[in-house]
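One structure is given below, encoded as structure tokens.
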Amino acid sequence: MSDIKISDHGPVRVLTINRPERRNALAATTAEELRTAVEDAARASGVGALVLTGAGGHFSAGGDAEAILGVIGDNADAAPVRLMRTFHRLVQAIWDSELPVVAAVSGVAYGGAFNLALSCDLIYCSEDARFCQVFMKRGIVPDVGGAYLLPRAAGIHKAKELMLLAGEIDAQRASDLGLVNGVLPDAEAVLARAIEIATQIAESPDFAVSLTKRLINSSTTGTLQSALELEAITQATILRSPSAQRGFQEFLNRGSRTPDTPSRTD
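Under our numbering, the letters of the sequence shown match residues 79 to 344, in that order.
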């Protein structure tokens with residue numbers, strides 16, 4: 079049985095980690111299958127956004143310890159690096175995807191799954207969601223990009239607190255720290271909200287969406303000068319695109335839908 083379930087809802091493709099018997103723990107094969115699904119979606123006709131979620135009331139318990147130990151036992155020298163690179167390819171695929179990716183989190187999002195959610199562009203969670211950078215309790219360092227992603231989301235000192243103390247935080251605390259974009263009553267509601275938001279984004283010009291995502295992601299590294307240079311190149315490119323020209327023409331014509339019309343953020 080596939081570890082990833084795929085379903086389409088209009089322009090939104092939902093990718094569901096489908097290992098409920100193990101609280102959707104991530105084996106290397108799961109990560110590889112999910113990466114392939116993300117990359118395939120970017121090439122698929124009619125898909126404008128992704129939602130990432132988990133089956134059975136949980137996002138994911140993190141790395142599948144049993145499967146990971148089995149992989150490492152095959153070759154103690156090379157296997158750990160190979161394993162990490164498998165998960166790194168997944169995070170990179172989400173981060174670099176031209177499609178916006180919205181995480182819908184319920185239940186547990188522990189360890190690498192917490193960081194997997196952080197690699198997404200937006201995160202919505204249910205009231206029962208619980209997040210934990212559990213690595214210190216296992217005697218290992220944060221992985222799946224956590225040391226890069228969490229400080230950018232929560233700030234350096236809060237990231238160190240969450241990682242060094244390895245304490246669990248609930249949905250409200252995650253919201254207070256700015257780690258999630260909204261809290262919904264339950265798993266069904268959070269998935270519906272994620273699909274709604276993803277649909278709203280997918281209705282925007284895809285070129286503008288993908289370049290905006292790239293600009294924001296690039297702003298977390300490098301200097302202001304490099305960010306401004308990338309912005310200039312990107313804006314110069316998109317201003318020549320048909321969608322931008324239509325948008326400005328609609329604005330000049332006072333059309334009902336213009337680039338300056340505010341979107342809902344509540």
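Heads up, the beta-carbon is just placed ideally off N, CA and C, and yes, glycines get one too.
### Task
Note the first and the last residue of the continuous beta strand (DSSP E) segment covering T131.
It spans 127-132 - the beta strand (DSSP E) in which T131 sits, taken as one unbroken run.
### Beta-carbon gap between V212 and Y188 smaller than 8 Å
Closer than 8 Å, so yes.
### Task
Within the same chain, show all residues whose beta-carbon is closer than 6 Å to that of E224, passing over the 5 residues directly before and after it, in chain order.
Residue 224 is actually Gly in this sequence, not Glu. Around G224: N193.
### Message
Here's a check: name, in chain order, each residue in its chain whose Cβ is nearer than 6 Å to the Cβ of V125, leaving out the five neighbours to either side.
### Response
Answer for V125: R91, A119, listed in chain order.
### Query
Should the region 169-184 be called in touch with the region 264-278, which here means at least 3 C-beta pairs below 8 Å?
Touching, yes.
### Query
From this set, K83, Q250, R216, D254, which residue's C-alpha is nearest A232's C-alpha?
Out of K83, Q250, R216, D254, D254 has the C-alpha closest to the C-alpha of A232.
### Task
Would you list the residues sitting across from D86 in a DSSP beta bridge?
Residue pairing by DSSP places D86 opposite R91 in a beta bridge.
### Task
Check S296 in the structure and name its three-state DSSP category.
In the structure shown, S296 sits in a helix (DSSP, three-state: H, G or I).
### Message
At a threshold of 7 Å, does R208 count as lining the ligand SAH (C-beta to nearest heavy atom)?
### Response
Although the ligand SAH was asked about, the structure shown includes no ligands whatsoever.
#### Entry: Ranges of the alpha helix (DSSP H) found wholly within the region 239-279, counting only runs of at least 4
DSSP runs (the alpha helix (DSSP H)) wholly in the region 239-279: 249-254.
### Task
Take L260 as the anchor and find which of D206, E239, F285, N295 has the nearest alpha-carbon.
Note that residue 260 corresponds to Gly in the displayed sequence, not to Leu. The residue with the shortest Cα to Cα distance from G260 is D206.
### Task
Round the Cβ separation of A105 and A145 to the nearest angstrom and send it over; I've been treating them as touching at under 8 Å.
So it is a contact: roughly 4 Å between Cβ atoms.
### Task
Quick one: grab the DSSP three-state call for F213.
DSSP places F213 in helix when its eight states are reduced to three.
### Task
Decide if H136 is buried, meaning its Cβ has at least 16 other Cβ atoms within 10 Å, or exposed.
Classification of H136: buried, given that the 10 Å Cβ count is 16 or more.
### Message
Within a Cβ cutoff of 7 Å, which residues of the same chain sit near A237, ignoring the five residues on either side of it in sequence?
### Response
The beta carbon of A237 is closer than 7 Å to those of L228, P229 in its chain, skipping five residues each way along the sequence.
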